[in-house]
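Remarks on the structure that follows.
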Amino acid sequence: MATKITIDPITRIEGHMKIEATVDGGTVKDAQCAGTLFRGFEIILRGRDPRDAQRITQRVCGVCPAVHCTASTLNLDSAFDIADKIPDNGRILRNIVLGSNYLQSHILHFYHLTALDYVDVAAVAAYNGSDPELKSLKGFISRGELAPFIPRYEGDYRFDKSTNQELSKHYLTALEMRRLAHEMLTLFGGKMPHNAAVVPGGITEHPTVDKIAGFLWRLNKLRDFIDNTYIPDVIAVAKAYPEYFKIGAGPGNFLCYGAFDLDGTNKNYATRKRLFSQGAVEDMRNYKALDPSKITESVKHSWYDGEDSVHPSNNKTLPNARKADGYSWIRSPRYEGKVYEVGPLARWVVSYFAGQPQVKASLDTCIKTLGVELKDLNSVLGRHAARALDSKLVADSMAEWILELKPGEPVCTAYEIPDESDGMGIVDGPRGALGHWIKIKDKKIERYQLVVPTTWNGSPKDEKNQPGPMEQSLMDTAVKDTKNPYELVRIVRSFDPCLACSVHTISIKGAKLGAMRVV
Amino acid sequence: MCKKKIAVIGVGNILMGDEGVGVEVVRRLERLKYLGEVELIDAGTAFLDVVTGLRSFEKVIIIDAVHGGEAAGTVYRFKLDDVEGDKPAVSLHDFGVIESIRLERLIAELPKEIVFYGVEPQIIKLAMQLSPTVEGKVDYVVQKIIDELIASGVQVQR
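The listed protein sequences derive, respectively, from chains D and X. If you use my numbering, the first sequence corresponds to residues 21 to 539, in order. If you use my numbering, the second sequence corresponds to residues 420 to 577, in order.
Set out below in structure tokens:
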């Protein structure tokens, strides 16, 4: 008999997402992935000054403000017709801001969102030694404060006690590393969080020798952590859970908008030189150059009215919570009408087939070290491995870029807001392809649309009934215990889903707050 | 490490109605002048990014929308100790403010005093303004925080 499993909510942070999987005969026969919260931030932007887009879109999410900031400023640069006039200092500092965000996001994802699915942190409860970090973690567990961070589903834990303790310790080191990455961003982002420095035309912060030095020592600590802790830990998980190279395969189609501009003189974001290459790879082999006109969104199974297969620049946000075929607040973005996965794995596969030499060398070494084939990367472990490689390449590249800055030279260019214009800002954030589109009329925003990475990966079925990437990745997965479906949780988590909803209300359940009211 | 005296941190999403009350309080506090070491921080939706900075302060005041079970507009004042042992909500969708502070305590010494001001929200949905009920309490919370700053030896000029 078929059993329906509901996992809700699925992300440890930032997200309202529900997965329904139908298991029959021990494997998943159908999966539905639903965004459960209406996001209509586009509606708020209508009629505003175009420059507000940079400030407002950063507020849609607590995890990825930096990448919304990047996409919205690229969008405004293009609408203001200055995309090819950003001074090198401005271009490099924007890369530095985005790159710092990549590092903190990936480290957070692996250590604080993923690792506890594989590492038995409870082993620390039995710790009797004198290591201050493990003692601190032991106290945290004994006070019951770990509860929100451990999986709701019991994992199958395979490391021995001392390895579990060692890896749990890295959970703490990683918190400190995130802090450093955050400070790096703060050096050049001006006000933090929700940085104010990245603006149309460039950036408002000037590079100084002091800031460059302050950035470099932090970056070097992070590079040491990535090389000697993060990457070895991902390898350790891969060796202990090798079948996860065969579990969680997505559609095998990968899309990347590219990231980190290396040349500011080409105003076409689809072709300008970036560290990660723009493009689409079909069936894990056929590379095609990126054509943004082939991006469409469908709403067949989403709670929106409107046509299917519409380009985002022409899209409207028309919520309809009573739509009969609907099961998600997420739309279905498609490329050439097909289902594409986005994210670090997509970035690496696309750049690999585009012939990016650093990516090619690094990915070939990775496959050899892990003893797998390229196609095995289309999996849970492939996504984690790509995220670690991503961190290393971005960190190593930042060490070079920071030395290309020229203190005293311009960081920003002047512009005028046109009466009427269209713009597009496309860039890969830590979680993958992010697109912003704007239409300006009478110097005001007439239309604004965002297509965020988790809408690609977490999309529902489209009008051709093609399931979204996460839905496909769950299909045919063997589930040992339908009451404890940790396999499915591990698959979904490997995508690093993040739905911009961001409600941060403090909710007090146990303590009695009535006594603490002051009015 | 030389610690600054006080941080006042507003948390919340200004795009989601009453969720943004903490940020609104900080914005109003920004209009005043202070003699003494006070830092006003609009943490917005990224409290997890701000929490690692807590260690630089002796005292921290955090303002946020709080679901405490009383009528909308109710203002709460409590300390971290008051909610010690509180089991966070069953859902795992968020690193909440309190959970983030507990995480930070794993790697650093927390400020001596962490005070929360909470306002019970009425409406949390897509909107860039507060509900009239919560809006009506903003100046009251601002005044309470000014009193708190004065009591800590800060001079506040209107």
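From the three backbone atoms N, C-alpha and C, an ideal C-beta is built for every residue, glycine too.
Residue i, DSSP secondary structure in three states
| i | result |
| --- | --- |
| X:Gln548 | coil |
| D:Asn306 | strand |
| D:Asp311 | coil |
| D:Ala279 | strand |
| D:Ser11 | This structure does not reach residue 11 of chain D, given that chain D is present from 21 up to 539, and the question cannot be answered. |
| D:Tyr261 | coil |
| X:Glu477 | strand |
| X:Ala527 | coil |
| D:Pro339 | strand |
| D:Tyr191 | helix |
| D:Lys503 | coil |
| X:Leu451 | coil |
| D:Ala211 | Here residue 211 of chain D is Lys; the residue named in the question, Ala, does not match the sequence. Three-state result, D:Lys211: coil. |
| D:Glu356 | coil |
| X:Ser571 | coil |
| D:Thr291 | coil |
| D:Ala498 | strand |
| D:Gln185 | helix |
| D:Val369 | helix |
| D:Ala99 | helix |
| D:Thr285 | coil |
| D:Val319 | coil |
| X:Val509 | Legend: pLDDT at X:Val509 = 31, less than 50; position of this residue unreliable, no value from coordinates given. |
| D:Lys24 | strand |
| D:Phe296 | strand |
| X:Gln562 | helix |
| X:Arg577 | coil |
Continuous alpha helix (DSSP H) stretch holding residue i: start and end
| i | result |
| --- | --- |
| D:Trp237 | Val229 to Phe245 |
| D:Ala408 | Val400 to Glu424 |
| D:Arg387 | Looking at the sequence provided, one finds Ile at residue 387 of chain D rather than Arg. Counting along the chain, the alpha helix (DSSP H) containing D:Ile387 begins and ends at Pro377 to Leu390. |
| D:Thr47 | Careful: D:Thr47 lies outside any alpha helix (DSSP H), inside the beta strand (DSSP E) at Thr47 to Gly55. |
| D:Phe61 | Phe61 to Leu65 |
| D:Gln74 | Asp72 to Thr77 |
| X:Ala462 | Counting along the chain, X:Ala462 falls outside any alpha helix (DSSP H), though it belongs to the beta strand (DSSP E) covering Val457 to Gly463. |
| D:Ile127 | Asp108 to Ile127 |
| D:Glu436 | First-last for D:Glu436: undefined, no H or E at that position. |
| X:Val469 | Phe466 to Val469 |
Residues near residue i by beta carbon distance below 7 Å, same chain, minus five either side
| i | result |
| --- | --- |
| X:Leu545 | Leu434 and Met435 |
| X:Glu489 | Glu539 |
| D:Val117 | Ala86, Leu205, Phe208, Gly209, Asn215 and Val218 |
| D:Asp253 | Leu187 and His190 |
| D:Tyr372 | Val379, Lys380 and Leu383 |
| D:Pro339 | Phe58, Gly60, Trp323 and Tyr324 |
| D:Tyr557 | No answer is possible for residue 557 of chain D: it lies beyond the span of chain D, which begins at 21 and ends at 539. |
| D:Thr249 | His190 and Thr193 |
| X:Ile565 | Val575 |
Own chain partners of residue i with C-beta closer than 8 Å, once the 5 adjacent residues on each side are dropped
| i | result |
| --- | --- |
| D:Ala553 | In the structure as shown, chain D begins at 21 and stops at 539. Residue 553 of chain D is therefore absent and cannot be evaluated. |
| X:Phe476 | Lys422, Lys423, Lys424, Ile425, Ala426, Glu458 and Pro530 |
| X:Leu473 | Ala426, Val479, Ile520, Glu523, Ala527, Leu529, Pro530 and Ile533 |
| X:Gln574 | Tyr453, Leu454 and Gly455 |
| D:Val460 | What sits at residue 460 of chain D in the sequence shown is Ile, not Val. Cβ within range, chain order: Pro70, Ala99, Ile437, Pro438, Asp439, Glu440, Ser441, Asp442, Gly443 and Glu466. |
| X:Gly555 | Gly492 |
| D:Val238 | It is Arg, not Val, that sits at residue 238 of chain D in the sequence shown. Once the five neighbours on either side are set aside, the close Cβ partners of D:Arg238 are Leu200, Ala201, Glu203 and Met204. |
| X:His486 | Glu539 and Pro540 |
| D:Arg305 | Phe373 |
Cut-off 6 Å between Cβ atoms - residues of its own chain near residue i, not counting five sequence neighbours on either side
| i | result |
| --- | --- |
| D:Ser125 | Pro450 |
| X:Ala508 | Note on X:Ala508: pLDDT 43, under 50, position unreliable in the model; the coordinate value appears next. Excluding residues within five positions, none has a Cβ falling inside 6 Å. |
| X:Thr464 | Asn432 |
| D:Tyr177 | Asp140 |
Residue interval of the beta strand (DSSP E) (run including residue i)
| i | result |
| --- | --- |
| D:Trp349 | From DSSP, D:Trp349 is part of no beta strand (DSSP E); its letter is neither H nor E. |
| X:Lys498 | Val494 to Lys498 |
| D:Gly149 | First-last for D:Gly149: undefined, no H or E at that position. |
| D:Asp540 | Outside the displayed range of chain D (21 to 539) lies residue 540 of chain D, so it cannot be described from this structure. |
| X:Val430 | Lys423 to Val430 |
| X:Ile533 | Glu532 to Val538 |
Contacts that residue i makes with chain A (C-beta to C-beta distance below 9 Å)
| i | result |
| --- | --- |
| D:Val80 | Any reference to chain A falls outside this structure, whose protein chains are D and X. |
*Which of the residues in the stretch 451-472 of chain X, read from start to end, lie with their CB under 8 Å from any CB of chain D?*
Going along the stretch 451-472 of chain X in chain order, one finds Asp461, Ala462, Gly463, Thr464, Ala465, Phe466, Leu467, Asp468, Val469 and Thr471 with a Cβ nearer than 8 Å to chain D.
*At a Cβ cut of 7 Å, what residues of the stretch 421-433 of chain X count as close to chain D, listed as they run along the chain?*
Val430, Gly431, Asn432 and Ile433
*Which of the residues in the stretch 525-545 of chain X, read from start to end, lie with their CB under 9 Å from any CB of chain D?*
Within the stretch 525-545 of chain X, the residues whose Cβ lies closer than 9 Å to some Cβ of chain D are Leu525, Ile526, Ala527, Phe535, Tyr536, Gly537, Glu539, Pro540, Ile543, Lys544 and Leu545, listed in chain order.
*Would you mind listing the alpha helix (DSSP H) stretches within the stretch 439-491 of chain D that are 4+ residues and don't spill past its ends, in chain order?*
473-477
*Quick one: which residues of the stretch 557-573 of chain X get their C-beta closer than 8 Å to a C-beta of chain D? List them in chain order.*
Tyr559 and Lys563: these are the residues of the stretch 557-573 of chain X whose beta carbon lies less than 8 Å from some beta carbon of chain D, given in chain order.
*According to a CB-to-CB cut-off of less than 9 Å, which residues of the stretch 57-71 of chain D neighbour chain X?*
Phe58, Arg59, Gly60, Phe61, Ile63 and Ile64
*Mind checking the stretch 328-343 of chain D against chain X and listing, in chain order, the residues whose C-beta falls within less than 7 Å of any C-beta there?*
none
*Output, in sequence order along the chain, the residues in the stretch 487-502 of chain X whose CB is closer than 8 Å to any CB in chain D.*
Gly487, Gly488, Glu489, Thr493, Val494, Tyr495, Arg496, Phe497, Asp501 and Val502
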